[in-house]
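Sequence order for the protein chains is V and H. Numbering follows the numbering used here, in which position 217 of the first sequence is assigned residue number 217; successive positions increment by one, without gaps. Convert by adding 429 to the 1-based position in the second sequence; the result is the number in the numbering used here. Inspection log for the structure reproduced underneath, given as structure tokens.
2 protein chains.
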Amino acid sequence: MSRAAVDAAQAAQEIPVCDADLEEVRRWDREDPIGHFRERFELPADIVYLDGNSLGALPVETHQRLEDVISRQWGRDLIRSWNVHGWIHAPERVGAKIARLIGADGDEVIVADSTSVNLYKLLCGALALRPDRSVVLSEPGNFPTDLYVIQGAIAGATPARRLRLEPADRILEAIDDDTALVMLTHVHYKTAAVHDMRAITERAHECGALVLWDLSHSAGAVEVDLNGCGVDMAVGCGYKYLNGGPGAPAYLFLARRHHDSFISPLSGWMGHRAPFDFVDDYAPAPGIRRFLCGTPYMLGLLALEAGVDLMLECGIAPLVEKSRRLSELFIRLVQRMCPRSSLRLISPADPARRGSHVAFAHPDGYAVMQALIERGVIGDFRSPDILRFGFAPLYTRYEDVWRAVATLAEVLASECWSDPRYAVRAPVT
Amino acid sequence: MSRAAVDAAQAAQEIPVCDADLEEVRRWDREDPIGHFRERFELPADIVYLDGNSLGALPVETHQRLEDVISRQWGRDLIRSWNVHGWIHAPERVGAKIARLIGADGDEVIVADSTSVNLYKLLCGALALRPDRSVVLSEPGNFPTDLYVIQGAIAGATPARRLRLEPADRILEAIDDDTALVMLTHVHYKTAAVHDMRAITERAHECGALVLWDLSHSAGAVEVDLNGCGVDMAVGCGYKYLNGGPGAPAYLFLARRHHDSFISPLSGWMGHRAPFDFVDDYAPAPGIRRFLCGTPYMLGLLALEAGVDLMLECGIAPLVEKSRRLSELFIRLVQRMCPRSSLRLISPADPARRGSHVAFAHPDGYAVMQALIERGVIGDFRSPDILRFGFAPLYTRYEDVWRAVATLAEVLASECWSDPRYAVRAPVT
Numbered sequence: 001m002s003r004a005a006v007d008a009a010q011a012a013q014e015i016p017v018c019d020a021d022l023e024e025v026r027r028w029d030r031e032d033p034i035g036h037f038r039e040r041f042e043l044p045a046d047i048v049y050l051d052g053n054s055l056g057a058l059p060v061e062t063h064q065r066l067e068d069v070i071s072r073q074w075g076r077d078l079i080r081s082w083n084v085h086g087w088i089h090a091p092e093r094v095g096a097k098i099a100r101l102i103g104a105d106g107d108e109v110i111v112a113d114s115t116s117v118n119l120y121k122l123l124c125g126a127l128a129l130r131p132d133r134s135v136v137l138s139e140p141g142n143f144p145t146d147l148y149v150i151q152g153a154i155a156g157a158t159p160a161r162r163l164r165l166e167p168a169d170r171i172l173e174a175i176d177d178d179t180a181l182v183m184l185t186h187v188h189y190k191t192a193a194v195h196d197m198r199a200i201t202e203r204a205h206e207c208g209a210l211v212l213w214d215l216s217h218s219a220g221a222v223e224v225d226l227n228g229c230g231v232d233m234a235v236g237c238g239y240k241y242l243n244g245g246p247g248a249p250a251y252l253f254l255a256r257r258h259h260d261s262f263i264s265p266l267s268g269w270m271g272h273r274a275p276f277d278f279v280d281d282y283a284p285a286p287g288i289r290r291f292l293c294g295t296p297y298m299l300g301l302l303a304l305e306a307g308v309d310l311m312l313e314c315g316i317a318p319l320v321e322k323s324r325r326l327s328e329l330f331i332r333l334v335q336r337m338c339p340r341s342s343l344r345l346i347s348p349a350d351p352a353r354r355g356s357h358v359a360f361a362h363p364d365g366y367a368v369m370q371a372l373i374e375r376g377v378i379g380d381f382r383s384p385d386i387l388r389f390g391f392a393p394l395y396t397r398y399e400d401v402w403r404a405v406a407t408l409a410e411v412l413a414s415e416c417w418s419d420p421r422y423a424v425r426a427p428v429t
Numbered sequence: 430m431s432r433a434a435v436d437a438a439q440a441a442q443e444i445p446v447c448d449a450d451l452e453e454v455r456r457w458d459r460e461d462p463i464g465h466f467r468e469r470f471e472l473p474a475d476i477v478y479l480d481g482n483s484l485g486a487l488p489v490e491t492h493q494r495l496e497d498v499i500s501r502q503w504g505r506d507l508i509r510s511w512n513v514h515g516w517i518h519a520p521e522r523v524g525a526k527i528a529r530l531i532g533a534d535g536d537e538v539i540v541a542d543s544t545s546v547n548l549y550k551l552l553c554g555a556l557a558l559r560p561d562r563s564v565v566l567s568e569p570g571n572f573p574t575d576l577y578v579i580q581g582a583i584a585g586a587t588p589a590r591r592l593r594l595e596p597a598d599r600i601l602e603a604i605d606d607d608t609a610l611v612m613l614t615h616v617h618y619k620t621a622a623v624h625d626m627r628a629i630t631e632r633a634h635e636c637g638a639l640v641l642w643d644l645s646h647s648a649g650a651v652e653v654d655l656n657g658c659g660v661d662m663a664v665g666c667g668y669k670y671l672n673g674g675p676g677a678p679a680y681l682f683l684a685r686r687h688h689d690s691f692i693s694p695l696s697g698w699m700g701h702r703a704p705f706d707f708v709d710d711y712a713p714a715p716g717i718r719r720f721l722c723g724t725p726y727m728l729g730l731l732a733l734e735a736g737v738d739l740m741l742e743c744g745i746a747p748l749v750e751k752s753r754r755l756s757e758l759f760i761r762l763v764q765r766m767c768p769r770s771s772l773r774l775i776s777p778a779d780p781a782r783r784g785s786h787v788a789f790a791h792p793d794g795y796a797v798m799q800a801l802i803e804r805g806v807i808g809d810f811r812s813p814d815i816l817r818f819g820f821a822p823l824y825t826r827y828e829d830v831w832r833a834v835a836t837l838a839e840v841l842a843s844e845c846w847s848d849p850r851y852a853v854r855a856p857v858t
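What follows is the structure in structure tokens.
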């Protein structure tokens, strides 16, 4: 669907949030130009799923493709599938599809390993290009794995490096000529606050630093234009908005201008120039393929491809548009339906500065979320007190938003969450 | 099945190889104490699959479990599956099962990432413990990713290290007090030659070096006793004899005595002491869990679990026994049926020194293998001239061996492999 068609269709459905009732909201779903994508997912009828930013839902097509991958490709064609079903080229093929969602060229993105491992590859490659600078700049409260991987990569490194953490609103001024690398998450995993990718990237380049963005909470829900912003590197997750399934492989982006100068420290055989020559000495493959390491995770990779195909079929523009309308509706309905609660909006109120989820703090956030989940509204809790609600515009309906807020209002009004059973912590919270 | 029962059952079927005809070999299959496991795999009826050492076959149970994982766990229970279906503990749970196949304790093995990535984690951890030694010792022609990952890990490292390659029969004498680490593949991927794990590990320890074994071509087909040999570290592959599926995650072993002193350079959030506290500073989890990095590859991990469960149901002793009989039968039948061919046995003739595959060199090895594959006998080719035939004792039948050699004899006698179409190389060879 073209951007113009989306604009036209959605202009026709302005959202008068404060007055909307359930019937009104249902009408928006019926008139939603991308509403029919909901049927392309195997979502249970009895829940409202607002955690697609943690684990995306299962597309019908993915289920079918996985059955084919398991039964026919693995089971029947066995080892021959590396050639006859194109397994060997799947990492670049799926990477090129993801590139279209994030403003990159097809040969600048590859699917491999996890976000954490990909971050390590790019970090080490980038630091080697800035041997005379000591600082990796990030923000406190960045997604932990980003900070941990930086800490691991620079531990005991020569030359010595340090991780400097500055609050989001001080990042621009903190970039200086001792900055080797700026590493930030584009949309904050907890607050959904969006960094100004263009301004930070430009400032970093003015100072001679490189920039690495984590797109885990952006791709598929928020507009991302890596090449338009001149970004050097990016990583991102396959199992959130891209609907790649639990533990789906991740992707990495490296701008083409850096391809020849980056060497991955994880020099596994699949990143070799000629892996099937089985020679003793490592020589990196040309281009993005050098960032492969071991044998690709084929089940997860092909599941991810099905998820990305579905997203491309919809197009990114209507997803971005609907994402904002969903989160805006949620916030306004909370204002109306939960007027005297202890909820405190943590996310930016301006939808232009917010990603595709909404976070509210509540003193008893953990118990409130457990009570919601028991009532079929699946969001998640983020320590210490955050209720997080994600809106996956490919399948979340306006009605889902209405039902979630109505349930939240009921839970808060009844104080049912104070039941001791909601305080019992599960391993994953 | 107990070891004694296996011995008794198999003593009754001595293999008089030179005289065996197809009927005789079929009788061995009928009398095979573990022959019924063949029916537990979805193998096509029209092929002889001798490449389970590259990609193991699909167990029926795995197909069923994956359907459950996709449909019910991912599709219906969604994010809740991390708790309700035990996803969060799957890396240690499956690791503990693999431990039983390789002579390790349950808390010494974890499933994570790829073999290459796991090798890197352990290598860096080990080198940090031997700062005053400069050599990583391996052999030329070791599986390439092992050598490449060493090269990547030591490139530009401080203190400086070097990779020293010595032929297999000179490894013992090459270990000295400048050796930081000995890194070898237990069963050679090409020749199937087995290293003396006990002798090399003991010699390394006498000299103060650490030892890291790659078990990719051992686990599930060859006897491995890591703790009996005092091994420090090991890695291995999930998609070969363990039948975990294409690109299944790999595993790593670290002896318990090293748990507190090893730090993974890949310090991702899942290896954190408290990943869901979302704090800024990395603190490694106690024990083996610190070797997790990003979010585990759940589809592949749960497929691997089903494969390992099947292997544990059979038990390792009868697999090791049958593996030797299969490869021995293959070699003796080649001697009988291909008497004037250009085949040259590359694998050790002594089954006690051989893994679970057999390699023959042939000047036109690539074309011969293509001709075999076209006739339904699936082995593989390894550069420059090696025909490789793998015997997965959980599903390979004696009859498969007979049919494979009969087809090989026919191909060689007819010289059909000289047809130019067999010389066209596929991306994966």
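Each residue gets a CB set at the ideal place from its N, CA and C atoms; glycine is no exception.
Using a Cβ-Cβ cutoff of less than 8 Å, which residues in the same chain neighbour H/PHE759 once the five nearest sequence positions on both sides are dropped? Stepping through the second sequence from its first residue, residue 759 of chain H is reached at position 330. Cβ within range, chain order: VAL787, PHE818, PHE820, VAL830, ALA833, VAL834.
Cβ shell of H/ASP607 (< 6 Å), same chain only, five flanking positions each side left out: Translated into the one-based positions of the second sequence, residue 607 of chain H becomes position 178. Only ARG562, SER563, VAL564 meet the Cβ criterion.
To which residues of the same chain is H/HIS687 closer than 7 Å at the C-beta, ignoring the five residues directly before and after it? Numbered from 1 along the second sequence, position 258 holds the residue referred to as residue 687 of chain H. Taken in chain order, the residues that qualify are ASP661.
Would you call the region 268-282 of chain V in contact with the region 243-252 of chain V, where contact means no fewer than 3 C-beta pairs closer than 8 Å? no
Under 7 Å, do V/ILE378 and V/ALA361 count as touching if we go by C-beta distance? In the first sequence, residue 378 of chain V corresponds to position 378, counting from 1. In the first sequence, residue 361 of chain V corresponds to position 361, counting from 1. No, the Cβ-Cβ distance between V/ILE378 and V/ALA361 is not below 7 Å.
Of all Cβ atoms in chain B, is any one closer than 7 Å to the Cβ of H/TYR549? Although the question refers to chain B, the structure presented lacks it and instead comprises the protein chains V and H.
Taking the beta carbon of V/ALA209 as the centre, do at least 16 other beta carbons fall within 10 Å, making it buried, or is it exposed? Residue 209 of chain V sits at position 209 when you count from the first residue of the first sequence. V/ALA209 should be labelled buried.
Please classify V/HIS36: does DSSP put it in a helix, a strand, or coil? What you label residue 36 of chain V is simply residue 36 of the first sequence in a count that begins at 1. Here V/HIS36 sits in helix by DSSP.
In whole angstroms, what separates the C-alpha of V/ARG332 from that of V/PRO296? For this step, residue 332 of chain V is matched to residue 332 along the first sequence. For this step, residue 296 of chain V is matched to residue 296 along the first sequence. If you take the alpha carbons of V/ARG332 and V/PRO296, they lie about 44 Å apart.
Of all the residues that make up the region 811-837 of chain H, which are near chain V by a beta-carbon distance shorter than 8 Å? ARG811, SER812
Closer than 7 Å by beta-carbon distance: list the chain H residues that pair up with V/MET337, in chain order. Counting from one through the first sequence, the residue named residue 337 of chain V turns up at place 337. None at all; the shortest Cβ gap to chain H is about 24 Å.
Other residues of its chain near H/SER693: CB distance less than 8 Å, five sequence neighbours each side excluded: For the purposes of this step, residue 693 of chain H is identified with residue 264 of the second sequence, where counting begins at 1. Excluding positions up to five away in sequence, the list reads LYS550, CYS553, GLY554, GLY700, PRO713, ARG719, PHE720, CYS722.
Top-ranked residue by Cα proximity to H/CYS845, from H/ALA663, H/ILE802, H/PRO856: Translated into the one-based positions of the second sequence, residue 845 of chain H becomes position 416. Minimum Cα distance to H/CYS845 is reached at H/ILE802.
Determine, for H/SER645, whether the minimum Cβ-Cβ distance to residues of chain V falls below 7 Å. Locating residue 645 of chain H in the second sequence gives position 216, where the first residue counts as 1. For H/SER645, the answer is no, since every Cβ of chain V falls outside 7 Å of its Cβ.
Chain H beta carbons: is any one of them nearer than 7 Å to that of V/TYR422? Here residue 422 of chain V refers to the residue found at position 422 of the first sequence. No, because no Cβ of chain H sits closer than 7 Å to the Cβ of V/TYR422.
How many whole angstroms separate the CB atoms of V/ALA193 and V/PRO348, which I take to be in contact at a CB cut-off of 8 Å? Counting from 1 along the first sequence, the entry for residue 193 of chain V is found at position 193. Counting from 1 along the first sequence, the entry for residue 348 of chain V is found at position 348. Confirmed, Cβ separation roughly 5 Å.
Just curious, the beta strand (DSSP E) that V/THR179 is in, first and last residue? Locating residue 179 of chain V in the first sequence gives position 179, counting from the first residue. 179-185 is the extent of the beta strand (DSSP E) around V/THR179.
Limits of the unbroken beta strand (DSSP E) element including H/GLY665: Start at 1 with the first residue of the second sequence, and residue 665 of chain H comes out as number 236. Counting along the chain, the beta strand (DSSP E) containing H/GLY665 begins and ends at 662-665.
Out of V/SER356, V/SER54, V/ASP260, which one is the CA nearest neighbour of H/TRP511? Start at 1 with the first residue of the second sequence, and residue 511 of chain H comes out as number 82. Checking every option, the nearest Cα to that of H/TRP511 belongs to V/SER54.
Are V/PRO140 and V/LEU181 closer than 7 Å when you measure CB to CB? For the purposes of this step, residue 140 of chain V is taken as residue 140 along the first sequence, with counting starting at 1. For the purposes of this step, residue 181 of chain V is taken as residue 181 along the first sequence, with counting starting at 1. No. Outside cutoff.
Are V/LEU299 and H/GLY736 closer than 7 Å when you measure CB to CB? In the first sequence, the residue the question calls residue 299 of chain V occupies position 299. In the second sequence, the residue the question calls residue 736 of chain H occupies position 307. Going by C-beta atoms, V/LEU299 is not nearer than 7 Å to H/GLY736.
Nearest to V/GLN335 (by Cα), restricted to the options V/GLU23, V/ARG100, V/LEU408: Against the first sequence, residue 335 of chain V aligns to sequence position 335. When only C-alpha atoms are compared, the closest one is V/LEU408.
When you compare the CB positions of V/ASP280 and H/LEU592, do they come within less than 7 Å of one another, or not? Numbered from its first residue, the first sequence carries residue 280 of chain V at position 280. Numbered from its first residue, the second sequence carries residue 592 of chain H at position 163. In this structure, H/LEU592 does not lie closer than 7 Å to V/ASP280 by Cβ.
Do H/LEU548 and H/VAL664 have their C-beta atoms closer together than 7 Å? One-based indexing of the second sequence puts residue 548 of chain H at position 119. One-based indexing of the second sequence puts residue 664 of chain H at position 235. Taking 7 Å as the Cβ cut-off, H/LEU548 and H/VAL664 qualify as a contacting pair.
Consider the Cβ of H/ILE444: report whether some Cβ of chain V lies at a distance smaller than 7 Å. Position 15 of the second sequence, counted from the start, is the residue given in the question as residue 444 of chain H. Residue placement at H/ILE444 cannot be trusted, given a pLDDT of 46 that sits under 50; the coordinates are not used to answer.
Comparing alpha-carbon positions, which option in V/ILE200, V/GLY220, V/PHE143, V/ARG80 lies nearest V/GLY230? Taking the first sequence and counting its residues from 1, the one referred to as residue 230 of chain V is at position 230. The residue with the shortest Cα to Cα distance from V/GLY230 is V/ILE200.
According to DSSP, V/PHE110 sits in a beta bridge with which residue or residues? Here residue 110 of chain V refers to the residue found at position 110 when the first sequence is read from its first residue. The question names Phe, yet the displayed sequence has Ile at residue 110 of chain V. DSSP output for V/ILE110 lists V/LEU252 as bridge partner(s).
Judging by CA-CA distance, which residue of V/VAL211, V/CYS237, V/LYS97 is the nearest neighbour of V/SER114? Taking the first sequence and counting its residues from 1, the one referred to as residue 114 of chain V is at position 114. The residue with the shortest Cα to Cα distance from V/SER114 is V/CYS237.
Who are the near neighbours of V/PHE143 in its chain, counting only those whose CB is closer than 6 Å to its CB and skipping five residues on each side? Stepping through the first sequence from its first residue, residue 143 of chain V is reached at position 143. Excluding sequence neighbours, V/PHE143 sits near THR185, TYR189.
Where H/ASP506 and V/VAL60 are concerned, what is the direct C-alpha to C-alpha distance, given to the nearest angstrom? As a position in the second sequence, residue 506 of chain H is number 77, starting the count at 1. As a position in the first sequence, residue 60 of chain V is number 60, starting the count at 1. Roughly 15 Å separates the two Cα atoms.
Residues of chain H with a CB under 8 Å from the CB of V/LEU165: which are they? For this step, residue 165 of chain V is matched to residue 165 along the first sequence. In chain order: ASP709.
Kindly list the residues whose CB is nearer than 7 Å to the CB of H/VAL498, restricted to its own chain and excluding five residues on each side of it in sequence; keep chain order. The residue labelled residue 498 of chain H in the question sits at position 69 within the second sequence. Answer for H/VAL498: LEU728, LEU731, listed in chain order.
Return the residue from the list H/GLU635, H/TYR711, H/LEU566 that minimises the CA-CA distance to H/TRP642. The residue labelled residue 642 of chain H in the question sits at position 213 within the second sequence. Of H/GLU635, H/TYR711, H/LEU566, the residue nearest in Cα terms is H/LEU566.
By the criterion of Cβ-Cβ separation under 7 Å, what are the contact partners of V/PRO427 in chain H? Counting from one through the first sequence, the residue named residue 427 of chain V turns up at place 427. Residues of chain H passing the Cβ test: ASN512, ILE517.
Helix, strand or coil for H/LEU772? Go by DSSP, reduced to three states. Along the second sequence, one-based indexing puts residue 772 of chain H at 343. Here H/LEU772 sits in coil by DSSP.
Whole angstroms are fine: how far does the CA of V/GLN151 sit from the CA of V/VAL117? Here the question's residue 117 of chain V lines up with position 117 in the first sequence. Here the question's residue 151 of chain V lines up with position 151 in the first sequence. For V/VAL117 and V/GLN151, the distance between alpha carbons rounds to 13 Å.
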